[in-house]
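Chains as they are written, first to last, in the working numbering: chain W, 20 to 243; chain Y, 20 to 243. All C-beta atoms, glycine included, are put in the ideal place defined by N, C-alpha and C. In this text, all values refer to a predicted model and were calculated from it rather than measured experimentally. A short write-up of the structure that comes next.
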């Protein structure tokens, strides 16, 4: 697939691996910059970002310098410029087609999740192997197709992302099918350890970490 | 994300706020220490942790020192000791009862989510206002009760955590009911900005951040 690249990777260490935690911080920076932009703030220092985000300012400068240091000493970062660069670096400036594998409760919930269909993502179809589900439509209007059609539909629609919402015991098998269908990025919700070949991006949503985090704050509140 | 917690820290700087990102890093440290312990590793330096987690070692030392610095210069941290302290600090050493508000697709999926019911959390009940759902049981055996019973059941069961899985337009109203029922920690899945009074911990799961993160990695892979 050819890429219309206005934005070639801005950054010194061309091949350097960016960790998942770094990438998550980029999302957090992006949200913070969105807020600042809406509030009419024109420039921000790494110290001010650090204060807002409770991060170490050296960590922030390090993260941002991975993509070329665009801060100006004594002035800081231009909010609008940094926001746009981050969005471009993160690949969020064009629409991505998403398929959902598994039309159980979670798949149906994901199909209709308000946050996804708004900007940048469109959900193409849900897939399942249950004949009772195939042909039905989610509340939000996403159709359930037979899993056998996944390779064909994924190629025709140029789907790039799959959300894997299937039971843990069958997750690896369906992940393999997703990858054979030409999809290169998978967000997995099954609590199962999965493997993909190099070149495919797999990320798992661990709801237990979220719950642990909540318990941490609750515990602190209780002890206060 | 909205946080209503005015919690006080357990560690040294009594007045310091622990950010959400710090708390998430603690979960990540805990998982890493679990892995090291299983692998039979006895001590670990902040540099080695930094390498495994692609974090800055100063950031790690700073995070851990918030709870008292238990590393020994030149030796590092005792894996088992640090793991147990972290689990205790995070409040993960006793069982917590959880209610789910909303028995739609997401609520049902959460009720049966494999990761929750294992260690540390037990799901007490699902609540909904739809008479067609009340009285049914999730695949995993969690019963759907009338939302009117929430205050009574939450108090009787000493539920401490609610998962809010309702449509965005009614999320604030149901959050208020949850809080009036004596529950002090809420994990929200509705894509809606919510508010709680001080003393209540509210955390929102933003699936879009996860998707953005995936796109970031996908974009890097495409550009490589």
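Exercise for the section: Out of Y:219, Y:232 and Y:200, point me to the one whose CA is closest to residue 239 of chain W's CA. Expected result: The sequence position of residue 239 of chain W within the first chain is 220, counting from 1. Comparing Cα-Cα distances from residue 239 of chain W to each of Y:219, Y:232 and Y:200, the minimum goes to Y:219.
Practice task
Closer than 7 Å by beta-carbon distance: list the chain Y residues that pair up with residue 143 of chain W, in chain order.
Solution key: On the first chain, residue 143 of chain W is found 124 positions in, with the first residue counted as 1. Those do not exist, as residue 143 of chain W stays about 14 Å from chain Y at its closest Cβ, beyond 7 Å.
Handout entry: Positions along the segment 200–222 of chain Y whose CB lies within less than 7 Å of some CB in chain W
Key = 203, 204, 206, 210, 218, 220 and 222
Problem - Reduced DSSP category for residue 132 of chain Y - H, G, I as helix; E, B as strand; rest coil - result: Numbered from 1 along the second chain, position 113 holds the residue referred to as residue 132 of chain Y. Three-state DSSP puts residue 132 of chain Y in coil, outside helix and strand.
Practice task
Mind checking who residue 182 of chain Y pairs with in its DSSP beta bridge?
Solution key: As a working mapping, residue 182 of chain Y is identified with position 163 in the second chain. In DSSP, residue 182 of chain Y forms a bridge with Y:119 and Y:206.
Handout entry: Residue from Y:185, Y:56, Y:54 and Y:195 with nearest C-alpha to residue 131 of chain W
Key = The residue you call residue 131 of chain W lines up with position 112 of the first chain. Nearest C-alpha to residue 131 of chain W: Y:185.
Practice task
Pair every Cβ in the segment 114–126 of chain Y with every Cβ in the segment 86–106 of chain Y, then say whether three or more of these pairs are closer than 8 Å.
Solution key: no
Exercise for the section: Check whether the Cβ atoms of residue 208 of chain Y and residue 125 of chain Y lie closer than 8 Å to each other. Expected result: Position 189 of the second chain holds residue 208 of chain Y. Position 106 of the second chain holds residue 125 of chain Y. Contact: yes.
Exercise for the section: Find the residues of chain Y that neighbour residue 40 of chain W, judging by a C-beta separation of less than 8 Å, and give them in chain order. Expected result: For the purposes of this step, residue 40 of chain W is taken as residue 21 along the first chain, with counting starting at 1. Per Cβ cutoff of 8 Å: 44, 47, 72, 73 and 74.
Handout entry: Residue-level contact to chain Y via CB, residue 79 of chain W, 8 Å cutoff
Key = In the first chain, counting from the first residue as 1, residue 79 of chain W sits at position 60. Output row for residue 79 of chain W: interface = no.
Exercise for the section: Indicate whether at least one CB of chain W lies closer than 8 Å to the CB of residue 232 of chain Y. Expected result: Here residue 232 of chain Y is taken as the residue at index 213 of the second chain, counted from 1. So, interface residue.
Problem - Closest Cα partner of residue 179 of chain Y within the set Y:165, Y:140 and Y:93 - result: As a working mapping, residue 179 of chain Y is identified with position 160 in the second chain. Selected option, being the one with the closest Cα: Y:140.
Practice task
Would you grab the beta carbon distance between residue 158 of chain W and residue 200 of chain W for me? Rounded to a whole angstrom, and I think it's under 8 Å.
Solution key: Here residue 158 of chain W is taken as the residue at index 139 of the first chain, counted from 1. Here residue 200 of chain W is taken as the residue at index 181 of the first chain, counted from 1. Going by Cβ atoms, the distance from residue 158 of chain W to residue 200 of chain W rounds to 26 Å, so no, they are not a contact pair.
Handout entry: Near-chain Y residues of the segment 175–191 of chain W - C-beta to any C-beta below 7 Å
Key = 179, 180 and 187
Practice task
Mind checking the segment 109–122 of chain Y against chain W and listing, in chain order, the residues whose C-beta falls within less than 7 Å of any C-beta there?
Solution key: 109, 110, 111 and 115
Problem - DSSP state of residue 126 of chain Y mapped onto helix, strand, coil - result: Locating residue 126 of chain Y in the second chain gives position 107, counting from the first residue. Helix, per DSSP.
Handout entry: Sufficient close CB pairs (3 or more, under 8 Å) joining the segment 76–84 of chain Y to the segment 56–67 of chain Y
Key = yes
Practice task
Determine the DSSP secondary structure at residue 144 of chain Y, reduced to helix, strand or coil.
Solution key: Residue numbering aside, residue 144 of chain Y sits at position 125 when the second chain is read from its first letter. Correct three-state label for residue 144 of chain Y: strand.
Handout entry: Chain-order list of residues whose beta-carbon lies under 6 Å from that of residue 181 of chain W (same chain, five-residue window excluded)
Key = Indexing the first chain from 1 puts residue 181 of chain W at position 162. Once the five neighbours on either side are set aside, the close Cβ partners of residue 181 of chain W are 118, 120, 197, 202 and 205.
Practice task
Pick out the complete beta strand (DSSP E) segments inside the segment 33–92 of chain W, 3 residues or longer, and give them in chain order.
Solution key: none
Handout entry: Segment contact flag, the segment 147–156 of chain W with the segment 149–163 of chain Y, C-beta cutoff 8 Å, min 3 pairs
Key = no
Exercise for the section: Note down, in chain order, every chain W residue with its Cβ under 8 Å from the Cβ of residue 238 of chain Y. Expected result: The sequence position of residue 238 of chain Y within the second chain is 219, counting from 1. By Cβ distance, chain W contributes 108, 109 and 110.
Practice task
Using 10 angstroms around the beta-carbon of residue 231 of chain W, count the other beta-carbons present and answer buried if the total reaches 16, otherwise exposed.
Solution key: Here residue 231 of chain W refers to the residue found at position 212 when the first chain is read from its first residue. Buried, since its Cβ has 16 or more Cβ neighbours within 10 Å.
Handout entry: Close-in-space but distant-in-sequence residues of the same chain around residue 211 of chain W (CB under 8 Å, 5 per side omitted)
Key = The count along the first chain starts at 1 and reaches residue 211 of chain W at position 192. Within the same chain, residue 211 of chain W has close Cβ partners 187, 188, 190 and 191.
Problem - Length of the line joining the Cα atoms of residue 144 of chain Y and residue 123 of chain W - result: The residue given as residue 144 of chain Y occupies position 125 in the second chain. The residue given as residue 123 of chain W occupies position 104 in the first chain. Taking the straight line joining both Cα atoms gives about 20 Å.
Practice task
Measure the Cβ-Cβ separation of residue 63 of chain Y and residue 55 of chain Y and say whether it is below 8 Å.
Solution key: Here the question's residue 63 of chain Y lines up with position 44 in the second chain. Here the question's residue 55 of chain Y lines up with position 36 in the second chain. In contact: residue 63 of chain Y and residue 55 of chain Y (Cβ atoms closer than 8 Å).
Practice task
Compare the C-beta of residue 229 of chain Y with all C-beta atoms of chain W and state if any pair is closer than 8 Å.
Solution key: Looking up residue 229 of chain Y in the second chain gives position 210. Closer than 8 Å: yes.
Practice task
Determine whether the Cβ of residue 224 of chain W lies closer than 8 Å to any Cβ atom of chain Y.
Solution key: Here residue 224 of chain W is taken as the residue at index 205 of the first chain, counted from 1. True, the Cβ-Cβ gap to chain Y drops below 8 Å.
Practice task
My understanding is that residue 109 of chain Y touches residue 224 of chain W, with C-beta atoms under 8 Å, so please give their C-beta distance in whole angstroms.
Solution key: For the purposes of this step, residue 109 of chain Y is taken as residue 90 along the second chain, with counting starting at 1. For the purposes of this step, residue 224 of chain W is taken as residue 205 along the first chain, with counting starting at 1. So it is not a contact: roughly 20 Å between Cβ atoms.
Exercise for the section: For residue 140 of chain W, return the contacting residues in chain Y, with the cut-off set at a CB-CB distance below 7 Å. Expected result: One-based indexing of the first chain puts residue 140 of chain W at position 121. Result: 230.
Practice task
Answer yes or no: do residue 47 of chain W and residue 98 of chain W have a C-beta to C-beta separation smaller than 8 Å?
Solution key: Indexing the first chain from 1 puts residue 47 of chain W at position 28. Indexing the first chain from 1 puts residue 98 of chain W at position 79. No, the pair does not count as a contact, with Cβ atoms beyond the cut-off.
Practice task
Work out the CA separation of residue 52 of chain W and residue 57 of chain Y for me, nearest whole Å.
Solution key: As a position in the second chain, residue 57 of chain Y is number 38, starting the count at 1. As a position in the first chain, residue 52 of chain W is number 33, starting the count at 1. Roughly 41 Å between the two C-alpha positions.
Exercise for the section: Using three-state DSSP, classify residue 95 of chain W as helix, strand or coil. Expected result: Taking the first chain and counting its residues from 1, the one referred to as residue 95 of chain W is at position 76. Here residue 95 of chain W sits in strand by DSSP.
Practice task
Have a look at residue 229 of chain W and residue 150 of chain Y and give me their C-alpha separation to the nearest angstrom.
Solution key: For the purposes of this step, residue 229 of chain W is taken as the residue at position 210 of the first chain. For the purposes of this step, residue 150 of chain Y is taken as the residue at position 131 of the second chain. C-alpha separation (whole angstroms): 31 Å.
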